[in-house]
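Residue numbers (full-length UniProt numbering): 1 to 112. Below: the structure, in structure tokens.
Here it is as structure tokens:
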């Protein structure tokens, strides 16, 4: 137990030393920090933008993601429609023939 506590203490001291060494490298002057902070706040609130609409963003994201998919589906359907069908099977596989009732008399037509 004491050994792990000593290891933890040593790691804490080395971390503190690394933090103290890196602090001078990360110092930013107050003016640039305030300017950056003001810019971020202005961008978040939309001040200065007369067309800012926070609720419109959700609709725009949905449209922006769904419209390309829908356009691809329409293009795929259009391409399938434009591809020429083989004419050899039209008489055998006609939709009009499958929807009309097919009545065949085995011994000829019925007497009238």
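We treat Cβ as the ideally placed atom computed from N, Cα and C, and that holds for glycine. Just so it is clear, the structure is predicted and the values come from calculations on it, not from any experiment.
Between residue 104 and residue 111, what straight-line distance do the alpha-carbon atoms span, to the nearest angstrom? In the chain shown, residue 104 corresponds to position 104, counting from 1. In the chain shown, residue 111 corresponds to position 111, counting from 1. If I take the Cα positions, the gap works out to 14 angstroms.
Rounded separation between residue 6 and residue 14 - CA only: If you number the chain shown from 1, residue 6 lands on position 6. If you number the chain shown from 1, residue 14 lands on position 14. Cα-Cα distance, rounded: 12 angstroms.
Can you grab the Cα-Cα spacing for the pair residue 70 / residue 83, in whole Å? Numbered from its first residue, the chain shown carries residue 70 at position 70. Numbered from its first residue, the chain shown carries residue 83 at position 83. So the alpha carbons of these two residues sit roughly 20 angstroms apart.
Distance check for residue 65 and residue 59, CA to CA, integer angstroms please. In the chain shown, residue 59 corresponds to position 59, counting from 1. In the chain shown, residue 65 corresponds to position 65, counting from 1. When rounded, the distance between both Cα atoms is 10 angstroms.
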